[in-house]
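Just add 100 to wherever you are in the sequence shown, counting from 1, and you've got my numbering. Contents: one structure, followed by commentary.
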Amino acid sequence: MKAKELLKKLKEKAENFSIYDIIAIKCFIEKDAKYLPEKYKEDYINAMIKYYIDTLNEIKSKEICEDYEIDEKKLNELINRIESFKKYNSEEEKKFIELSKIICPYLLFIAKKPFHPEYLIFPGGLKIIKDNNIYYCPVKEKQLNEYSLCEFCVAKPI
């Protein structure tokens, strides 16, 4: 699959997201963040919602000039991993999974950005660092498991 074709599919899916879907996703992120330390929880929720909304809007307005081949095997592995995260079967979770299947392929294959924003503060006060268009993540090595998407992320471990 070519990048232009992937972007076209992601744009079509992104157009279907409403403000009500975003509210449902925020509810899911709030529930999912319940085990985060209190001092990081609100910032995490706000940062992720902002990143998702900004990325969704970026997808809707993105015009791709360069066309290149997308690694379909990697794309399918990413989508399958996202699908494997289903555990509650709530409407909020369904919307979050649906959005992740738009946002994550876009960030990985089109924007070439990490799955977390640079302004997100991880526990310990750590942040993603960008140096010469290369992203470095302070928690990537600690999160490489079947319950994360870190192995797909463009960010390199610090």
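The C-beta atom is built at its ideal place from N, Cα and C for all residues, glycine as well. This structure is a prediction, so every number in the text was calculated from the model and none was measured.
Check                                                                                                        : Outcome
Ordered list of alpha helix (DSSP H) runs contained in the region 125-169, each at least 4 residues          : 138-161
Coarse secondary structure for K227, derived from DSSP in three states                                       : coil
Distance CB(I255)-CB(C237) smaller than 9 angstroms                                                          : According to the sequence as given, residue 255 is Ala; it is not Ile. Result yes, Cβ atoms of A255 and C237 sit closer than 9 angstroms.
Under 9 angstroms between C-beta atoms of C127 and E192                                                      : yes
Complete runs of the beta strand (DSSP E) confined to the region 190-234 [at least 3 residues]               : 229-231
Stretch pair the region 181-197 + the region 219-234: three plus CB contacts closer than 8 angstroms         : no
CB contact flag (M101, L207, <9 angstroms)                                                                   : no
Closest Cα partner of G225 within the set A124, L110, D143 and D121                                          : D143
Sub-9 angstroms separation of I145 and E130 beta-carbons                                                     : yes
Limits of the alpha helix (DSSP H) - the one that L106 falls within                                          : A103 to E115
Presumed contact (8 angstroms Cβ cut-off) between Y235 and P257, rounded CB distance                         : That belief does not hold up - the Cβ atoms of Y235 and P257 are roughly 11 angstroms apart, past 8 angstroms.
Y168 classed as buried or exposed, judged by whether at least 16 other C-beta atoms fall within 10 angstroms : exposed
Assigned exposure category for I202 - 16 Cβ within 10 Å defines buried                                       : buried
Span separating the alpha-carbon of E198 from that of D231                                                   : 31 angstroms
Simplified DSSP state of Y120, which is helix, strand or coil                                                : helix
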